[in-house]
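Quick notes on the structure that follows.
Numbering (the numbering used here), first residue to last: 118 to 204.
See the structure below:
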């Protein structure tokens, strides 16, 4: 019988964001996030209401290893991002 190994699944993070339309130049804030796998050690920065820039700074850190694989603006004040941990 041959040895079989389980294939490691990638960690994925989906973030939806929006800006305050009443404040010109307002920062993008997280509306919701979903994680498949693990987002450690950046889990706390993915809470609703926190700055998107803070979460991205943590996730895109070279030691953490996430990269943006898809991004879409759904309007001038909202959008979403999908990040995957590099294997």
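We put the beta carbon where it would ideally sit given N, CA and C, even for glycine.
Listed as beta-bridge partners of residue 130 by DSSP are 152, 200. Here the alpha carbon of residue 184 sits roughly 26 Å from the alpha carbon of residue 137.
Here the alpha carbon of residue 186 sits roughly 6 Å from the alpha carbon of residue 200. With a 10 Å radius around the Cβ and a threshold of 16 neighbouring Cβ atoms, residue 130 comes out buried. Residues 132, 163 of the same chain have their beta carbon placed closer than 6 Å to that of residue 150, with the five preceding and five following residues left out of the count.
The beta-carbon separation of residue 153 and residue 165, rounded to 18 Å, does not stay under the 8 Å limit for a contact. Within its own chain, the residues whose Cβ lies closer than 6 Å to the Cβ of residue 176, once the five positions on either side in sequence are excluded, are 159, 183, 200, listed in chain order.
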